[in-house]
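What follows is a short report on a single structure.
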Amino acid sequence: MKFMDVHHGMQGITEDQLRAAHDADLAIQSQERVTFEQAWADPESGLVYCLSDAPDAGAVQRIHQRAGHPADEIHPVPLTI
11 MKFMDVHHGM QGITEDQLRA AHDADLAIQS QERVTFEQAW ADPESGLVYC LSDAPDAGAV
71 QRIHQRAGHP ADEIHPVPLT I
């Protein structure tokens with residue numbers, strides 16, 4: 011199932027910092043059978059979004075926690091066109 015998670019409070023995040031955070035997730039994602047597909051950031055608002063495929067929201071959160079940036083929200087995305 012697809013999930014979109016949201017991180018708050020990341021004002022000023024740079025492309026390099028976003029890439030490093032995403033790479034940290036990718037390095038351990040297989041431990042929870044998660045595949046992080048893409049990440050987006052708005053440095054001004056401090057919002058970061060991640061799209062993943064995972065067995066459940068808990069798996070997404072566990073990877074983010076271990077990588078050092080727990081998600082503030084995780085939303086299932088059951089319908090995609």
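Those letters in the sequence shown? Residues 11 to 91, by this note's numbering. Quick reminder that beta carbons are idealized off the backbone N, C-alpha and C, glycines included.
- Apart from sequence neighbours up to five positions away, the residues of its chain that approach Ile-84 with a beta-carbon distance below 7 Å are Phe-13, Asp-15, Ala-67, Val-70 and Gln-71, ordered along the chain.
- Fully contained in the stretch 38–89 are the following beta strand (DSSP E) runs of length 3 or more, in chain order: 45–52, 57–63 and 83–87.
- In this structure Ser-55 is exposed. Its beta-carbon is surrounded by fewer than 16 other beta-carbon atoms within 10 angstroms.
- For His-79, same chain residues with a beta-carbon under 7 Å away, outside a window of 5 residues either side, are His-17 and Ala-31 in chain order.
- Non-local beta-carbon contacts of Thr-45 in its own chain, meaning distances under 8 Å to residues more than five positions away in sequence, involve Gln-39, Ser-62, Asp-63 and Ala-64 in chain order.
- Around the Cβ of Asp-52, a 10 Å sphere holds fewer than 16 other Cβ atoms; the residue is exposed.
- The beta-carbon distance between Ala-81 and Asp-35, rounded to whole angstroms, is 10 Å. This is too long to meet the 8 Å contact definition.
- If you draw a straight line from the Cα of Val-87 to the Cα of Met-11, it comes to about 7 Å.
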